[in-house]
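Engineer: With the first letter of the sequence shown counted as 1, position 216 gets the number 1423 in the numbering used here; the numbers rise by one all the way through. Note that the Cβ used here is the ideal one computed from N, Cα and C, for glycine as well.
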Amino acid sequence: MSADRAALEHAIERGEEDGGYIEFKTRLSKDVHLADGRLESLAAQLRHRVLSGDGEALYVVGVTDDGGIAGISPDSFSETMDVLSLLAEEAEAHIHDVETWSAGSGPADEEGLVGLATVREGAMLETDDEHIVVGTAGHVDHGKSTLVGSLVTGEADDGEGGTRSFLDVQPHEVERGLSADLSYAVYGFDDEGQVRMDNPHRKSDRARVVQEADRLVSFVDTVGHEPWLRTTIRGLVGQKLDYGLLVVAADDGPTKTTREHLGILLAMDLPTIVALTKVDAVTDERAAEVEREVESMLRDVGQTPLRAERHGVRTAVEEIGDGVVPVFSTSAVTREGLDDLDELLEALPKRASDADAEFRMYVDRTYDVKGVGAVASGTIQAGTVEAGDELLLGPMPDGSFREVEVRSIEMHYHRVDKAQAGRIVGIALKGVREREVQRGMALVPRSADVRPVRSFDAEVMVLNHPTRIQDGYEPVIHLETVSEAAVFSPEGGRLLPGDTGETTVEFKFRPYLVEEGQRFVFREGRSKGVGTVTDVEYADE
């Protein structure tokens, strides 16, 4: 995170005028400040600062006692935050936010860091079990991001896709109106109704939603443009989704991409909802025609459409899954159908959680955060992780696993002390550099018995292929967050379109963490299929 230097100067001025809730520290170290009873003394000081600030204190780090800017190394800054976190926990408080910037005009690693930590009263909130993750799918320009943006804000769209800016999108995506990577959004519910985002460009607003809501709905918004199908598959396969939301525009109808995305959702056994969007842009007759096309598409793949408008939201909640797909007619411009989607998302049950299993998370994205270091982002597949946990990261390209430690955890920019299966989180890691962390690697407990896998046996179904699959066929495998070229060696020497059979799959370039029972998608050109891992061969044997 970063802040304008004026923020620091303003904090120093406030501290000089009224230092009751502002504390200046050059640095904090474990050896000095946690020894010989100093923890209790410093925790009492922190408690006093928090009470003086009506529940909030500011710690300015990397400065002298009189507010002079000194700057400390990134390692010292990181250790300082670790110590401050322990002090806050002792004082029944927590670090809410940290802003950092360079102490001078040069690079941060040369000039040193200065930081502003906001400490708030109360322990860091633990997330509850009422948190579902929904993955969107559908053709480009069918309104996925706009629909999600209107849901999480409660605002009507301007007809130009304006509410899509409420998602995690890049400037060039906003300018072009096309998503090029996965994006994320969140909203929630409490006893009084919806807890929505107010400002899409303020990270603290997402954190507020996580903090205030009793039930959360996280969206993983995928890409509809055909050239980025690989990214869409990564979003639908690599995240621990509870439900799929397939979007079909009323002014276009189901397309080849729509059917392909539906096939992926069903292949991953995801209970699916269909949202017919842009109904305000067409006549009632056209909307009804497209709805019939959607129902026909669903029946073609063995699914039973359930029109929510006719049967009600309660029935949709009770019947979704097991071959039943609720269908909603919506408009982000008029907000038609969005109240029904709110009602559905508030009532949908969390699918079976693996929170009691051993922790596991596959890395989807990585970041290098100034003052924090390497951050690995992804969806927790199983178990629970806490700050301070000792983990293994890997496999590395050579098949080894690296020992790392959890420095801190954030969920939608809200810092939490622990998170469990199904949560989309960023985990700050100690003991590794960001450039060494790669998508497809896994995080597991240090005590886990894990070994690198270079090849595995699988049962596959060929959904589409122009001829036949033979020995040496090289598709891209999408397994969890892994997207890697692999070589097929089918049993019997070949597989035909529509066939289900056994094959050996070998990664071309490096090993990954693969286990029996995991499902995957494979694709090459117009060819595609799905599979399940039946046995693994360890790379170190």
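Using only CA atoms, which one of Arg-1730, Leu-1235, Arg-1327 lies nearest to Val-1257?
Structural biologist: Start at 1 with the first residue of the sequence shown, and residue 1257 comes out as number 50. Of Arg-1730, Leu-1235, Arg-1327, the residue nearest in Cα terms is Arg-1327.
Engineer: For Ala-1457, is the classification buried or exposed, using 16 other Cβ atoms within 10 angstroms of its Cβ as the cut-off for buried?
Structural biologist: Numbered from its first residue, the sequence shown carries residue 1457 at position 250. When all chains shown are included, Ala-1457 counts as buried.
Engineer: Can you grab the Cα-Cα spacing for the pair Gly-1736 / Phe-1727, in whole Å?
Structural biologist: The sequence position of residue 1736 within the sequence shown is 529, counting from 1. The sequence position of residue 1727 within the sequence shown is 520, counting from 1. Rounded to whole angstroms, Gly-1736 to Phe-1727 spans 9 Å at the Cα level.
Engineer: Skipping 5 residues on each side, what residues in its chain have a beta carbon closer than 6 Å to that of Val-1520?
Structural biologist: As a working mapping, residue 1520 is identified with position 313 in the sequence shown. If we look at Val-1520 and ignore the five residues flanking it on each side, its Cβ neighbours are Asp-1547, Glu-1550, Leu-1551.
Engineer: Going by beta-carbon coordinates alone, are Phe-1729 and Ile-1676 separated by less than 7 Å?
Structural biologist: Position 522 of the sequence shown holds residue 1729. Position 469 of the sequence shown holds residue 1676. Taking 7 Å as the Cβ cut-off, Phe-1729 and Ile-1676 do not qualify as a contacting pair.
Engineer: Taking the alpha-carbon positions, what's the Leu-1469 to His-1255 distance?
Structural biologist: Start at 1 with the first residue of the sequence shown, and residue 1469 comes out as number 262. Start at 1 with the first residue of the sequence shown, and residue 1255 comes out as number 48. So the two alpha carbons sit approximately 57 Å from each other.
Engineer: Tell whether a beta-carbon distance below 7 Å holds between Gly-1319 and Ile-1279.
Structural biologist: Looking up residue 1319 in the sequence shown gives position 112. Looking up residue 1279 in the sequence shown gives position 72. Cβ atoms of Gly-1319 and Ile-1279: closer than 7 Å.
Engineer: From the DSSP output, in three-state form, read off Glu-1593 for me.
Structural biologist: Along the sequence shown, one-based indexing puts residue 1593 at 386. Of the three classes helix, strand and coil, the one that applies to Glu-1593 here is strand, per DSSP.
Engineer: Going residue by residue through the stretch 1452–1527, where are the continuous alpha helix (DSSP H) segments of at least 4 residues, counting only ones entirely within it?
Structural biologist: As far as the stretch 1452–1527 is concerned, its whole alpha helix (DSSP H) runs of at least 4 residues are 1463–1474, 1491–1507, 1515–1518, 1520–1526.
Engineer: Based on the DSSP secondary-structure assignment, which residues constitute the bridge partners of Glu-1610?
Structural biologist: As a working mapping, residue 1610 is identified with position 403 in the sequence shown. Note: Glu-1610 sits in a beta bridge opposite Leu-1599.
Engineer: Taking its Cβ as the centre, do 16 or more other Cβ atoms sit within 10 Å of Arg-1640, making it buried, or is it exposed?
Structural biologist: For this step, residue 1640 is matched to residue 433 along the sequence shown. Its Cβ having fewer than 16 others within 10 Å, Arg-1640 is exposed.
Engineer: Identify the continuous beta strand (DSSP E) that holds Phe-1231 and give its terminal residues.
Structural biologist: Here residue 1231 is taken as the residue at index 24 of the sequence shown, counted from 1. Phe-1231 -> beta strand (DSSP E) spans 1229–1232.
Engineer: Could you tell me which of Glu-1297, Glu-1399, Ala-1392 sits nearest to Asp-1405, measuring between CA atoms?
Structural biologist: Position 198 of the sequence shown, counted from the first residue, corresponds to residue 1405. Checked all of Glu-1297, Glu-1399, Ala-1392; the closest Cα to Asp-1405 is Ala-1392.
Engineer: Which one of Thr-1739, Thr-1710, Leu-1670 has the shortest CA to CA distance from Glu-1723?
Structural biologist: Here residue 1723 is taken as the residue at index 516 of the sequence shown, counted from 1. For the residues Thr-1739, Thr-1710, Leu-1670, the minimum Cα distance to Glu-1723 belongs to Thr-1739.
Engineer: Is it a yes or a no for the stretch 1554–1569 touching the stretch 1601–1608, going by three-plus beta-carbon pairs under 8 Å?
Structural biologist: Result no; under three Cβ-Cβ pairs closer than 8 Å.
Engineer: So what does DSSP say about Thr-1752, is it helix, strand or coil?
Structural biologist: For the chain, the structure presents residues 1208 to 1748; residue 1752 sits outside this window and is missing.
Engineer: The alpha helix (DSSP H) that contains Val-1290, what's its start and end?
Structural biologist: In the sequence shown, residue 1290 corresponds to position 83, counting from 1. 1281–1297 is the extent of the alpha helix (DSSP H) around Val-1290.
Engineer: Looking only at its chain, what residues have a beta carbon closer than 6 Å to the beta carbon of Asp-1211, apart from the 5 residues adjacent to it on each side?
Structural biologist: Here residue 1211 refers to the residue found at position 4 of the sequence shown. For Asp-1211, the predicted structure reports a pLDDT of 48, less than 50, and the residue's modelled location is therefore unreliable. The matter cannot be settled from this model.
Engineer: May I ask you to report which of helix, strand or coil DSSP gives Val-1305?
Structural biologist: Working through the sequence shown from its first residue, we reach residue 1305 at position 98. Strand at Val-1305.
Engineer: If I measure Cβ to Cβ from Ser-1292 and keep anything under 6 Å in the same chain, skipping five residues before and after, which residues do I get?
Structural biologist: As a first step, residue 1292 must be located in the sequence shown, where it is residue number 85. For Ser-1292, where only same-chain residues beyond five positions count, the Cβ hits under 6 Å are Ile-1302.
Engineer: So which of Met-1648, Asp-1575, Leu-1452, Thr-1710 has the shortest CA-CA distance to Pro-1697?
Structural biologist: Start at 1 with the first residue of the sequence shown, and residue 1697 comes out as number 490. The shortest C-alpha separation from Pro-1697 is found at Thr-1710.
Engineer: Taking the alpha-carbon positions, what's the Glu-1203 to Val-1290 distance?
Structural biologist: With the chain covering only 1208 through 1748, there is no way to say anything about residue 1203.
Engineer: Ends of the alpha helix (DSSP H) at Ala-1554?
Structural biologist: Residue 1554 sits at position 347 when you count from the first residue of the sequence shown. Ala-1554 -> alpha helix (DSSP H) spans 1545–1554.
Engineer: Assuming Gly-1629 and Thr-1591 make a contact with CB atoms under 8 Å, what is their CB distance in whole Å?
Structural biologist: Working through the sequence shown from its first residue, we reach residue 1629 at position 422. Working through the sequence shown from its first residue, we reach residue 1591 at position 384. 11 Å between Cβ atoms; not a contact.
Engineer: At which residues does the alpha helix (DSSP H) containing Asp-1238 begin and terminate?
Structural biologist: Stepping through the sequence shown from its first residue, residue 1238 is reached at position 31. Counting along the chain, the alpha helix (DSSP H) containing Asp-1238 begins and ends at 1237–1240.
Engineer: Please report how far the alpha carbon of Gly-1544 lies from the alpha carbon of Arg-1558, in whole angstroms.
Structural biologist: On the sequence shown, position 337 is the one that residue 1544 refers to. On the sequence shown, position 351 is the one that residue 1558 refers to. The straight-line gap from Cα to Cα measures roughly 24 Å.
Engineer: Just grab the DSSP bridge partners of Thr-1325 for me.
Structural biologist: Position 118 of the sequence shown, counted from the start, is the residue given in the question as residue 1325. Note: Thr-1325 sits in a beta bridge opposite Leu-1265, Asp-1304.
Engineer: Is the distance from the Cβ of Ala-1494 to the Cβ of Val-1481 below 7 Å?
Structural biologist: Here residue 1494 refers to the residue found at position 287 of the sequence shown. Here residue 1481 refers to the residue found at position 274 of the sequence shown. Going by C-beta atoms, Ala-1494 is not nearer than 7 Å to Val-1481.
Engineer: In terms of residues, what are the limits of the beta strand (DSSP E) holding Lys-1735?
Structural biologist: Translated into positions along the sequence shown, residue 1735 becomes position 528. That run of the beta strand (DSSP E) goes 1734–1745.
Engineer: Expressed to the nearest angstrom, what Euclidean distance is found between the alpha-carbon atoms of Val-1689 and Tyr-1719?
Structural biologist: Taking the sequence shown and counting its residues from 1, one reaches residue 1689 at position 482. Taking the sequence shown and counting its residues from 1, one reaches residue 1719 at position 512. Each residue's alpha carbon lies about 8 Å from the other.
Engineer: Please identify the residue among Glu-1731, Asp-1624, Leu-1702, Glu-1691 whose C-alpha is closest to the C-alpha of Glu-1713.
Structural biologist: What you label residue 1713 is simply residue 506 of the sequence shown in a count that begins at 1. Closest by alpha carbon: Glu-1691.
Engineer: List the endpoints of the continuous alpha helix (DSSP H) containing Glu-1247.
Structural biologist: If you number the sequence shown from 1, residue 1247 lands on position 40. Element bounds for Glu-1247: 1245–1259.
Engineer: Answer with buried or exposed for Pro-1190, where buried requires no fewer than 16 other C-beta atoms within 10 angstroms of its C-beta.
Structural biologist: Because the chain here runs from 1208 to 1748, residue 1190 falls outside it and cannot be looked at.
Engineer: Hey, could you find the ends of the alpha helix (DSSP H) Thr-1157 is sitting in?
Structural biologist: Because the chain spans 1208 through 1748 in this model, residue 1157 falls outside it and cannot be assessed.
Engineer: Give the straight-line distance between the Cα atoms of Ala-1251 and Lys-1577, rounded to the nearest whole angstrom.
Structural biologist: As a working mapping, residue 1251 is identified with position 44 in the sequence shown. As a working mapping, residue 1577 is identified with position 370 in the sequence shown. Each residue's alpha carbon lies about 29 Å from the other.
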